[in-house]
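The structure appears below as structure tokens.
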Amino acid sequence: MTSRTTGKLATALLVAALGAGMAGGAWAQTAGGTTTDSSSAGNTNGGGLPQIQQQGDVSWTSGGVGLDESRALLREQAHWPLSLRFTGPTADYLADVHVRIVGGKGGEVLSTDAMGPYMLVKLPPGSYTVYAKYKDQEKKQAVNVSGPGKAKAAFHWSIQ
């Protein structure tokens with residue numbers, strides 16, 4: 024073989040190998056989420072707990088649309104300083120609730136959308152106001168965070 028033929032062959036093998044690797048990666052990404060998968064939506068927390076998010080110094084997780092997530096969030100709420108629940112008429116669970124948490128000195132510490140009826144938030148001890156907006160109706164509640172599992176707030180809307 025000439026060096027030119029060898030170079031073309033090496034390039035072709037490299038392209039084929041990269042193509043196989045990418046196809047394998049795509050297959051691996053779509054293969055998750057089976058009934059034996061202990062993660063939730065492909066996250067690494069395991070046990071059905073939704074992915075933990077971070078905004079500044081505040082960590083949170085939200086979800087609970089599926090039974091595994093609901094159970095995991097209810098089980099974990101004793102370990103988180105603030106637990107929130109969002110319901111509609113006849114105790115229907117709600118998602119897509121916009122949540123803002125403001126500290127005692129008026130500074131916003133969290134602004135996000137809940138991915139399901141439960142939200143767990145890690146906040147330092149102190150007084151906060153939680154604003155929850157569903158559709159065009161905003162509600163607020165004062166909470167005093169003093170330690171894991173202590174502060175809970177439930178928001179209920181009569182609209183669907």
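So the number in my numbering is just where the residue sits in the sequence shown, counting from 1, plus 23. Built from N, CA and C at the ideal position, the CB exists for glycine as well.
Between P147 and S169, the C-beta spacing is not below 7 Å. With fewer than three CB-CB distances shorter than 8 Å, the segment 101 to 121 does not count as touching the segment 72 to 79.
DSSP lists Q76 and V144 as the beta-bridge partner residues of W83. S106: member of the beta strand (DSSP E) spanning L105 to T110, first to last residue. Residue pairing of S134 in beta bridges, as defined by DSSP: R123. For the pair K145 and S82, the CB atoms are nearer than the 7 Å cut-off. Under the criterion of beta carbons closer than 8 Å, G172 and H102 qualify as touching, at roughly 7 Å.
Close CB contacts of G129 within its chain, under the 7 Å cut and outside five residues either way in sequence, are absent. Here the C-alpha atom of G71 lies approximately 30 Å from the C-alpha atom of Q160. Sixteen is the threshold: since fewer than 16 other Cβ atoms of the shown chains lie within 10 Å of the Cβ of L90, the residue is exposed.
The beta carbons of L143 and T84 sit closer together than 7 Å.
The Cβ neighbour count for Q183, taken over all protein chains shown within 10 Å, is under 16; the residue is labelled exposed. Around the CB of A165, fewer than 16 other CB atoms lie within 10 Å, so the residue is classed as exposed.
About 28 Å separates the Cβ atoms of G87 and G127, ruling out a contact at the 8 Å cut-off.
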